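Notes follow the structure.
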Amino acid sequence: MGLFAGKCRSTARLDGKTAVITGCNTGIGKATALHLCKIGARVVMACRDVQKAEEAAAEIRAGVAETAGAGQLVVRRLDLAHLQSVRECARDILESEAKIHILINNAGVMACPRMETEDGLELQLGVNHFGHFLFTCLLLPRLIQSAPARIVNVSSLAHASGRLGPAAAAGRINFDDLNSERSYQPFKAYQQSKLANVLFTKELARRLRAVPAPADAPAAVTVYSLHPGIVKTELGRHLDGLYFKGARVAVGLLLRPYMKNAEQGAQTSIHCAIDEQAGKETGLYYSDCKVKRPHPRAEDEEVAKRLWEESVKIVKLGDVDPFKPA
């Protein structure tokens, strides 16, 4: 129902602009792709399941067929659980797109049993953070070249509980067990991955301040993290045990007035991608299309710096300089 859902009020158009969205064949990602295409953007749908993405693209094309000035959609394969796939997708996009004006890191996995990526990383942190970290770093030079540009990281209110194991007392990322090998709790791992999204946003925004920017922009590339709201999506498809089914029913009844559909859940992503006032800000956290203060642990600069440094090592970024225009 989403009775109290925020709505993007911007009337900006994206004619001649290119947006890359991860995981947008369903849910809020698909709704975001539809809206951006409707207002003129060329939308690159970077998804793991190409067939489902092509089907979603066909539905969006049909939905905007009578809309004057609608944009285009192209599909690229991106498996965030496989860093080689991330590199290949980034390479393909860089070869086909002369400019990238918007990157929306939307894909995610939630509260699954402990699994590992192709690279041996815990799946939730591997997909939700490390995969997007590498993807962003590889595309960043093109975004800088296309300035002013924007990066939107879809996080969650769950970031406020993002802590694990020995690090819990300090309220920090558990660098002693990033891979959750000593202890694994599905929701805790999800919360940590969402905290990583906000910390990544803060640190990326800080580092981008050293890059020359257009006169009317706070940075060449502005960066945002956000809570989309309580949205019914496929993220929780692993919660199929009897306990979780019962919990979902109970929570669903309690939160029904606040539950958003996909279109409502996409509004804050759209706002961060196109709103004029948002374009004058960077490094901030949004909810219901408004700036909100994240949990204090998401503002720890030292933790954000260390997460960046650890991420560079883990994804083997090597000699790539993300801040050099391409």
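Under our numbering, think of the first position of the sequence shown as 24, with each following residue one higher.
Idealized CB from N, CA, C, for every residue including glycine.
Nothing here was measured: the structure is a model prediction, and the numbers come from that model.
Checklist entry - Whose C-beta lies closer than 6 Å to the C-beta of residue 152 among residues of the same chain, with five residues either side of it excluded? => result Position 129 of the sequence shown, counting from 1, holds the residue named residue 152. Cβ neighbours of residue 152 beyond the five flanking positions: 216, 219.
Checklist entry - When we look at the beta-carbon of residue 74 and count the other beta-carbons within 10 Å, is it buried (16 or more) or exposed? => result For the purposes of this step, residue 74 is identified with residue 51 of the sequence shown, where counting begins at 1. By the neighbour-count definition (other C-beta atoms within 10 Å, threshold 16), residue 74 is an exposed residue.
Checklist entry - Assuming residue 210 contacts residue 134 under a Cβ cut-off of 8 Å, what Cβ separation, rounded to an integer in Å, is found between them? => result Residue 210 sits at position 187 when you count from the first residue of the sequence shown. Residue 134 sits at position 111 when you count from the first residue of the sequence shown. Yes, residue 210 and residue 134 are in contact; Cβ-Cβ is about 5 Å, under 8 Å.
Checklist entry - Taking just the CA atoms, how far does residue 158 sit from residue 164? => result As a working note, residue 164 is residue 141 in the sequence shown. As a working note, residue 158 is residue 135 in the sequence shown. A direct Cα-to-Cα measurement between residue 164 and residue 158 gives close to 11 Å.
Item to check | Identity of the residue in 327, 174, 237, 335 nearest residue 298 by Cα | outcome: One-based indexing of the sequence shown puts residue 298 at position 275. Of the listed residues, the one whose Cα sits closest to residue 298 is 174.
Item to check | Proximity winner among 222, 224, 207, 183, relative to residue 214 (alpha-carbon distances) | outcome: Within the sequence shown, numbered from 1, the residue matching residue 214 stands at position 191. Ranking the options by Cα distance to residue 214, first place goes to 183.
Item to check | DSSP three-state assignment for residue 324, whether helix, strand or coil | outcome: Sequence index remark: in the sequence shown, residue 324 carries index 301 (1-based). Three-state DSSP puts residue 324 in a helix.
Checklist entry - If you compare alpha carbons, which of 328, 42, 290, 327 is closest to residue 313? => result On the sequence shown, residue 313 is found 290 positions in, with the first residue counted as 1. Per the Cα distances, 290.
Checklist entry - Taking all protein chains shown into account, do 16 or more other C-beta atoms lie within 10 angstroms of the C-beta of residue 120, making it buried, or fewer, making it exposed? => result For the purposes of this step, residue 120 is taken as residue 97 along the sequence shown, with counting starting at 1. With a threshold of 16 other beta carbon atoms within 10 Å, residue 120 meets it and is buried.
Item to check | Presumed contact (8 Å Cβ cut-off) between residue 171 and residue 243, rounded CB distance | outcome: Residue mapping note: residue 171 aligns to position 148 of the sequence shown, counting from 1. Residue mapping note: residue 243 aligns to position 220 of the sequence shown, counting from 1. With a Cβ gap of about 7 Å, residue 171 and residue 243 count as contacting.
Checklist entry - On the three-state DSSP scale, how would you describe residue 350? => result Limits of the chain in this structure are 24 at one end and 349 at the other, which puts residue 350 out of reach.
Checklist entry - What residues in its chain sit with their C-beta under 6 Å from that of residue 265, if we drop five residues either side in the sequence? => result Counting from one through the sequence shown, the residue named residue 265 turns up at place 242. In this predicted model, residue 265 has a pLDDT of only 44, less than 50, meaning its place in the structure is not dependable; the value taken from the coordinates is given anyway. Counting only Cβ-Cβ distances below 6 Å, and skipping sequence neighbours, we find nothing.
Next on the checklist: Please classify residue 198 as buried or exposed, where buried requires at least 16 other C-beta atoms within 10 Å of its C-beta.
Outcome noted: Indexing the sequence shown from 1 puts residue 198 at position 175. So residue 198 ends up on the exposed side.
Checklist entry - Which ranges does the alpha helix (DSSP H) cover as unbroken runs of at least 4 residues, wholly within the stretch 127-177, from first to last along the chain? => result The stretch 127-177 contains these whole alpha helix (DSSP H) runs: 155-168.
Checklist entry - Between the C-alpha atoms of residue 131 and residue 179, what's the straight-line distance to the nearest angstrom? => result Start at 1 with the first residue of the sequence shown, and residue 131 comes out as number 108. Start at 1 with the first residue of the sequence shown, and residue 179 comes out as number 156. In a straight line, the C-alpha of residue 131 is about 11 Å away from that of residue 179.
Checklist entry - To which residues does DSSP link residue 309 through a beta bridge? => result The count along the sequence shown starts at 1 and reaches residue 309 at position 286. The partner list for residue 309 (beta bridge, DSSP) reads 249, 314.
Item to check | Top-ranked residue by Cα proximity to residue 34, from 293, 79, 349 | outcome: Locating residue 34 in the sequence shown gives position 11, where the first residue counts as 1. Nearest Cα to residue 34 within the set 293, 79, 349: 293.
Checklist entry - What are the start and end residues of the alpha helix (DSSP H) that includes residue 42? => result Here residue 42 refers to the residue found at position 19 of the sequence shown. Where residue 42 is concerned, there is no enclosing alpha helix (DSSP H), although the beta strand (DSSP E) it sits in stretches over 41-45.
Checklist entry - For the alpha helix (DSSP H) that residue 214 lies in, which residues bound it at each end? => result As a first step, residue 214 is located in the sequence shown; it is residue number 191 there, counting from the start. Run containing residue 214: 209-231, per the alpha helix (DSSP H) assignment.
Checklist entry - Expressed to the nearest angstrom, what Euclidean distance is found between the alpha-carbon atoms of residue 245 and residue 306? => result Translated into positions along the sequence shown, residue 245 becomes position 222. Translated into positions along the sequence shown, residue 306 becomes position 283. The alpha-carbon separation between residue 245 and residue 306 amounts to approximately 7 Å.
Checklist entry - Can you round the beta-carbon distance between residue 253 and residue 127 to whole angstroms, since I take them to be within the 8 Å contact cut? => result Position 230 of the sequence shown holds residue 253. Position 104 of the sequence shown holds residue 127. Between the beta-carbon of residue 253 and that of residue 127 there is about 20 Å, and that puts the pair past the 8 Å contact cut.
Checklist entry - Alpha carbon to alpha carbon, how far is residue 51 from residue 317? => result Here residue 51 is taken as the residue at index 28 of the sequence shown, counted from 1. Here residue 317 is taken as the residue at index 294 of the sequence shown, counted from 1. Looking at the backbone, the Cα of residue 51 and that of residue 317 are separated by about 21 Å.
Checklist entry - Taking the C-alpha atoms as reference points, what is the distance between residue 189 and residue 225? => result Position 166 of the sequence shown, counted from the first residue, corresponds to residue 189. Position 202 of the sequence shown, counted from the first residue, corresponds to residue 225. Its pLDDT being 44, under 50, residue 189 is placed unreliably by the model, and nothing is read from it.
Next on the checklist: Let me make sure I understand the geometry here. Which of 315, 147, 235 has the alpha-carbon closest to that of residue 208?
Outcome noted: Taking the first residue of the sequence shown as 1, we reach residue 208 at position 185. Among 315, 147, 235, the Cα nearest to that of residue 208 is on 147.
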